[in-house]
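Student: Chains X and R, in that order, are what the protein sequence lines are. Sequential numbering from 1 applies to the first sequence in the numbering used here. Sequential numbering from 160 applies to the second sequence in the numbering used here. Would you mind keeping the following structure in view while I ask a few things?
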Amino acid sequence: MAKNFVTTTINGDEVEFASYPGQSLLDVLRSELHMTGTKNGCGSGDCGACTVVLNGRPVNACLVLGVELDGAEIETIEGMATGTKLHPLQQKFLDHAALQCGICTPGILTMAKAFLEKNPDPTESEVRYGLAGNLCRCTGYDKIVRAVLDAAADMRADG
Amino acid sequence: MSNDQSTTNYRWVGKRTPRPDGVDKVTGRARYGDDMSVPGMLHCKILRSPHAHARIVSIDLSKAKALKGVKAVLTCAEIPDHPLSEPPYAPIINDMHDISRNVMAREKVLYDGHAVAAVAATSERIARAALKLIDVEYEVLPHVLDPLEAAQPGAPILNEDQFTFGDETEPKVPSNLFRSITGKRGDLEAGFAEADLIIEREFISEPVHQGYIEPLACIATTSEDGCVELWTTTQGHFVIRALCAKLLNMELAKIRVTASEIGGGFGGKNTIYGEPVAIRLSQMTGRPVRMVMTRTEVFRASGPTVGSRSKIKMGAKKDGTITAAEVDTWYQAGAFKGAPVGRAVETYFSSYKIANVRATCYDVCVNRPKVAAYRAPGAPMAAFAAEGAINELADRLGIDPIDFRLKNAVGEGDESLMGSKYGQIGLVEVLEKVKSHPHYAAPLGPNQGRGFALGYWMHGGGLSSVSAHLLDDGTVTVATGNPDIGGSRSSMRVMAAEELGIDIELIKPIVADTGSMGYSHLTAGSRTTFATGWAVVNAVREIIDKLRALAAKKWGISVDDVIWESGQAVPKKAGQDRIKPLSLKELAGMATKMGGAIAGHSEINAGGVGAAFSAQLVDVEVDPETGFVTPTRYTVVQDVGRAISPDYVEGQMQGGAVQGIGWALNEAYIYDAEGRLQNTGFLDYRMPVASDVPMIDTVLVEVPNPNHPYGVRGVGEPCLVPAPAAVANAVENAIGRTMSWLPLSPPKILQAIEELKLAAE
């Protein structure tokens, strides 16, 4: 099957890849580009483990086709820290022990970052609905919600 | 969050310390099962049965083999067969006869999703295309899904070589009932005669899946010399090695298994599925083979926990004394024997001192995937029935549910139905804590109800191995053989630092492969911090002894005169003040010049487990228009022995409670009339999401387990045991009638509300 050549920007870098029709962005990231930080939990858009930001909007990478992405801007978990400095959300997840097995963590962090950019001062309930598309089976969400609220407070304080 | 007994002055134990594997997990760097690739690897896909029960008449692989890019195709012919195992049967049955057939169907397919054939190809797409070219001719047979029906004479028989074990009539016909286990004491007839109130109820629970977010995944690489390297997501790579070696008739040392980071397991990753298939395909092709299940495959073909039917009868006196209890429970084993029946009997009434009691649990095969362990296997469904009955007894006798339990609570010296003897336990402390908690007295709003339930679990001990190495610069590596599923590396590091008296940042805990360590049993049974943690303590104590000897040699005094204090060797005797203590770092620098590198090892079989009790209070609100239930407040009170890493102990308690909410309200395997699983994705198999649940408050009661150096009890499993029962009780309280069939989905609740309305009219 013939592959299509696609030019995108991923985490600020120009990235070119070849993708066959029907290949998801998730598969492109993981299999073609070896960026395995974005996780595959279901492949059907139900778990949120593969959340990435596409042109400013959080999406399930398993539901986006690679061939659609010419000229697109994509942000993944690998671009969240600045150099060796963790993003406040990443740091707060560590401080609050907001992960156990960690498989959902990249997707939840990516979703939380996009959510806080739209709603920097959320209520607990808003955080819960903001993350309702991201399954976590380990934590019961308690510490995740606390970490996001705490990160939001710090990020507001830091302007 | 409260810490009841901070009676010790630990520097690290019980403190909130950073987690050693945390940074890799928040940056996406941590490598899980499917995050590995090997040059030249092939991709494996598995063909699965579309039928619940059928005889395999023929399989034609010719067209699949002819497809360009296909390197190998296998069926059961490539997986060794094994004879049925014979009694005495272990509590957890690993019968290679069954495992061989579960890995690849032989005479028959026994459930929708049962593996029939496998392909290795140069890409996943080609492998998928090849599956469509395999022709399987089936003779479809009648199927059975319900354990009670399956246990009756005349039911469709799954395994024609299975005869009921322990049946004294020496059965001549095969049966789906593999065995029953009974625990009993006293005189039931006399016990019920003493009762002022007797209730009889039936409870039903459906199978639920562990729901780990990371699908099963592995890569097998075979070398020309016959050695295999296996990378897999598992709760126990030593167990995977043992099962693969046994199944494939290989020598243990020739299979080296490395555990990937694991994306959740909850018991579901305790056994083998695709690993032997990937190994065989790798052996057949001489290439590495990667096998990754889709989510649909995980639901259809990996083990959920049992569904259950229970008939329970309990009697009590007006003063609240339980006089008698009996229960018969049928557990669905799935396609092959091995439902956790012993654990059900163990769990049923073991929180209570009941003079006259019997619990019988039946292990019954049905046309569903073979069950796997799930967090306190066999216990939550038993607690659902037992706690449901106890709540009804208390309610009808007009006794506060916690007072009722306090009146009947077991204590030190009492025994469970399976003979586990309780040492120092925290049951009464836990119950008192619930009673005094503000949640217990908080007012409820309209359509709200409050539920309570108690759970008991005896966690595991067993085999664990640890190697600790002191490095020249005073840092230490601590290697265990246990995959870290929820923060165990943090606990290992904390205990090692506490013993050595050094900063946790100087210690690097790792999970080592099967070629590097002695046997270590699963990260399961709430055993890791207990058993492997104990081995860590032993191993670093061996390092300390060697450092004391080194200091003694340096000082020219007896090793008995050197003690270890706050990370340094110190002379014990008075009058030796002129000898300056030697720090761990100084001694580490001297070691290789004075004899050799310093390491400590421990290979243990840990006994001395301690019973754990978890009590849970939950408030729910029921929407009378839709039947939708929203948990609004949740409190978990648990005796954790001692919390080594309280953050992760709380995390276990919170996660267990929320899994219980899902079990109680939403989760179930749904089949069509032909026995095909209908909800094979997370959209229809609806696990709790963040907006479904409230904050989960935790109260850590610490009654140390006297057998463990740090008082540890298992914490991962007890917290799930009472959760479905507590949520169901809250729903009962909100709508005003008993509810006995999980999940309590909106249609069931609406029906109950309608029935109540009709009854009132």
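Each residue gets a CB set at the ideal place from its N, CA and C atoms; glycine is no exception. Quick caveat: nothing in here was measured; it's all calculated off a predicted structure.
Give the interface partners of R/Pro177 over in chain X, defined as CB-CB distance under 7 angstroms, in chain order.
Tutor: Here residue 177 of chain R is taken as the residue at index 18 of the second sequence, counted from 1. Near R/Pro177 (Cβ distances below 7 angstroms), the residues of chain X are Leu94.
Student: Near R/Ile285, which residues of its chain fall below 7 angstroms by C-beta distance, leaving aside the five closest residues on each side in sequence?
Tutor: For the purposes of this step, residue 285 of chain R is taken as residue 126 along the second sequence, with counting starting at 1. Cβ neighbours of R/Ile285 beyond the five flanking positions: Leu226, Gly228 and Val229.
Student: Considering just the uninterrupted stretch of the alpha helix (DSSP H) at R/Pro805, what are its terminal residues?
Tutor: What you label residue 805 of chain R is simply residue 646 of the second sequence in a count that begins at 1. Note, R/Pro805: alpha helix (DSSP H), Pro805 to Leu824.
Student: For X/Thr123 and chain R, any beta-carbon pair shorter than 7 angstroms?
Tutor: Looking up residue 123 of chain X in the first sequence gives position 123. No, its Cβ sits nowhere closer than 7 angstroms to a Cβ of chain R.
Student: Counting only beta-carbon atoms, is R/Glu373 nearer than 7 angstroms to chain X?
Tutor: If you number the second sequence from 1, residue 373 of chain R lands on position 214. Closer than 7 angstroms to some Cβ of chain X, the Cβ of R/Glu373 qualifies, so yes.
Student: Taking a cut of 7 angstroms between CB atoms, which residues from the segment 848-877 of chain R lie near chain X?
Tutor: Val848, Ala849, Ser850, Val852, Met854 and Ile855
Student: Note down, in chain order, all residues in the segment 824-848 of chain R with a beta-carbon under 7 angstroms from any beta-carbon belonging to chain X.
Tutor: Gly840, Phe841, Leu842, Met846 and Val848
Student: With 8 angstroms as the C-beta to C-beta threshold (strictly closer), list the residues of the segment 184-196 of chain R near chain X in chain order.
Tutor: Lys184, Val185, Thr186, Gly187, Arg188, Ala189, Arg190, Tyr191, Asp193, Asp194 and Ser196
Student: For chain R, is any of its Cβ atoms less than 7 angstroms away from the one on X/Cys42?
Tutor: Working through the first sequence from its first residue, we reach residue 42 of chain X at position 42. Yes - at least one Cβ of chain R is within 7 angstroms of the one on X/Cys42.
Student: Can you name, in chain order, every residue of its own chain whose Cβ lies under 7 angstroms from the Cβ of R/Thr857, other than the five neighbours on each side?
Tutor: Numbered from 1 along the second sequence, position 698 holds the residue referred to as residue 857 of chain R. Cβ within range, chain order: Met160, Val795, Glu809, Met812 and Gln813.
Student: Measure the C-alpha to C-alpha separation of R/Leu440 and R/His202 and round it to an integer number of angstroms.
Tutor: Sequence index remark: in the second sequence, residue 440 of chain R carries index 281 (1-based). Sequence index remark: in the second sequence, residue 202 of chain R carries index 43 (1-based). For R/Leu440 and R/His202, the distance between alpha carbons rounds to 10 angstroms.
Student: Note down, in chain order, each residue of its chain lying with its Cβ closer than 6 angstroms to the Cβ of R/Ala722, except the 5 sequence neighbours on either side.
Tutor: Numbered from 1 along the second sequence, position 563 holds the residue referred to as residue 722 of chain R. Looking at the sequence itself, residue 722 of chain R is Ile, so the reference to Ala does not match. Excluding five sequence positions before and after R/Ile722, the CB atoms of its chain that fall closer than 6 angstroms to its own CB belong to Val729 and Lys731, given in chain order.
Student: Indicate the three-state DSSP secondary structure (helix, strand or coil) for R/Ser165 in the structure shown.
Tutor: Looking up residue 165 of chain R in the second sequence gives position 6. In this predicted model, R/Ser165 has a pLDDT of only 48, less than 50, meaning its place in the structure is not dependable; the value taken from the coordinates is given anyway. Of the three classes helix, strand and coil, the one that applies to R/Ser165 here is coil, per DSSP.
Student: R/Val808 CB to nearest chain X CB: under 7 angstroms?
Tutor: By one-based count along the second sequence, residue 808 of chain R stands at place 649. It does not; no Cβ of chain X falls within 7 angstroms.
Student: Pull out every residue of the segment 118-145 of chain X whose Cβ sits closer than 9 angstroms to any Cβ of chain R, in chain order.
Tutor: Glu124, Ser125, Val127, Arg128, Tyr129, Gly130, Leu131, Ala132, Gly133, Asn134, Leu135, Cys136, Arg137, Cys138, Thr139, Gly140, Tyr141, Asp142, Lys143, Ile144 and Val145
Student: Check the Cβ-Cβ distances between R/Val795 and every residue of chain X, and say whether any is below 7 angstroms.
Tutor: Here residue 795 of chain R refers to the residue found at position 636 when the second sequence is read from its first residue. Not closer than 7 angstroms to any Cβ of chain X, the Cβ of R/Val795 fails to qualify, so no.
Student: The beta strand (DSSP E) spanning R/Ile431 covers which residue range?
Tutor: Along the second sequence, read from residue 1 onward, the residue named residue 431 of chain R stands at position 272. Taken as a continuous stretch (DSSP letters only), R/Ile431 belongs to no beta strand (DSSP E), as it is neither H nor E.
Student: Any idea if X/Thr36 is buried or exposed, counting beta-carbon neighbours within 10 angstroms, 16 or more meaning buried?
Tutor: Walking along the first sequence from the start, residue 36 of chain X turns up at place 36. Under this definition X/Thr36 is a buried residue.
Student: Quick one: grab the DSSP three-state call for R/Met255.
Tutor: Translated into the one-based positions of the second sequence, residue 255 of chain R becomes position 96. Helix.
Student: Mind checking whether R/Val781 and R/Asn606 have CB atoms under 7 angstroms apart?
Tutor: Counting from one through the second sequence, the residue named residue 781 of chain R turns up at place 622. Counting from one through the second sequence, the residue named residue 606 of chain R turns up at place 447. The answer is yes: Cβ separation under 7 angstroms.
Student: When DSSP builds the beta bridges, which residues end up paired with R/Pro668?
Tutor: Your numbering for residue 668 of chain R matches position 509 in the second sequence. Paired residue(s): R/Val637.
Student: Could you pull out every residue in the same chain whose Cβ sits closer than 7 angstroms to the Cβ of R/Asp643, ignoring the five residues on either side in sequence?
Tutor: By one-based count along the second sequence, residue 643 of chain R stands at place 484. Cβ within range, chain order: Asp180 and Val670.
Student: When the distance is taken between beta carbons, is R/Ser899 closer than 7 angstroms to R/Phe508?
Tutor: Locating residue 508 of chain R in the second sequence gives position 349, where the first residue counts as 1. Locating residue 899 of chain R in the second sequence gives position 740, where the first residue counts as 1. Taking 7 angstroms as the Cβ cut-off, R/Phe508 and R/Ser899 do not qualify as a contacting pair.
Student: Flag X/Gly190 as yes if its beta-carbon sits less than 7 angstroms from any beta-carbon of chain R, otherwise no.
Tutor: This structure leaves residue 190 of chain X out entirely; chain X is present only between 1 and 159.
Student: Report the three-state DSSP secondary structure of R/Pro250 (helix, strand or coil).
Tutor: Counting from 1 along the second sequence, the entry for residue 250 of chain R is found at position 91. Three-state DSSP puts R/Pro250 in coil, outside helix and strand.
Student: Of the residues X/Ala112, X/Asp95, X/Cys101 and X/Ser44, which one's Cα is nearest the Cα of R/Thr176?
Tutor: Counting from 1 along the second sequence, the entry for residue 176 of chain R is found at position 17. The option with the nearest alpha carbon to R/Thr176 is X/Asp95.
Student: Tell whether a beta-carbon distance below 7 angstroms holds between R/Val530 and R/Ala498.
Tutor: Position 371 of the second sequence, counting from 1, holds the residue named residue 530 of chain R. Position 339 of the second sequence, counting from 1, holds the residue named residue 498 of chain R. The answer is yes: Cβ separation under 7 angstroms.
Student: If contact means a Cβ-Cβ distance below 7 angstroms, which residues of the segment 87-114 of chain X contact chain R?
Tutor: Gln90, Phe93, Leu94, Ala97, Leu99, Gln100, Cys101, Gly102, Ile103, Cys104, Thr105, Pro106 and Leu109
Student: With a cut-off of 7 angstroms, does the C-beta of R/Val817 fall near any C-beta of chain X?
Tutor: Position 658 of the second sequence, counted from the start, is the residue given in the question as residue 817 of chain R. Closer than 7 angstroms to some Cβ of chain X, the Cβ of R/Val817 qualifies, so yes.
Student: Measure the C-alpha to C-alpha separation of X/Pro173 and X/Ala112 and round it to an integer number of angstroms.
Tutor: Residue 173 of chain X lies beyond the residue range present for chain X, which begins at 1 and ends at 159; the question has no answer from this structure.
Student: Output, in chain order, the set of chain X residues within a Cβ distance shorter than 9 angstroms of R/Glu420.
Tutor: Taking the second sequence and counting its residues from 1, the one referred to as residue 420 of chain R is at position 261. Within 9 angstroms Cβ-Cβ: Cys101, Gly102 and Ile103.
Student: At 7 angstroms on the CB atoms, spell out the chain B contacts of R/Arg344, in chain order.
Tutor: This model lacks chain B altogether, as its protein chains are X and R.
Student: At the level of alpha carbons, what is the spacing between R/Thr789 and R/Pro902?
Tutor: Locating residue 789 of chain R in the second sequence gives position 630, counting from the first residue. Locating residue 902 of chain R in the second sequence gives position 743, counting from the first residue. Distance between the alpha carbons of R/Thr789 and R/Pro902: 14 angstroms.
Student: With contact counted as at least three CB pairs below 8 angstroms, one residue from each stretch, are the segment 129-143 of chain X and the segment 100-109 of chain X in contact?
Tutor: yes
Student: Please report how far the alpha carbon of R/Asn162 lies from the alpha carbon of R/Ser623, in whole angstroms.
Tutor: Reading the second sequence from its first residue, position 3 is the one you call residue 162 of chain R. Reading the second sequence from its first residue, position 464 is the one you call residue 623 of chain R. Low confidence applies here, because R/Asn162 scores a pLDDT of 39, under 50, leaving its location unreliable; read the following figure in that light. In a straight line, the C-alpha of R/Asn162 is about 29 angstroms away from that of R/Ser623.
Student: With 16 as the cutoff for other CB atoms within 10 Å, does R/Arg287 come out buried or exposed?
Tutor: Position 128 of the second sequence, counted from the start, is the residue given in the question as residue 287 of chain R. Per the 10 Å Cβ criterion, exposed.
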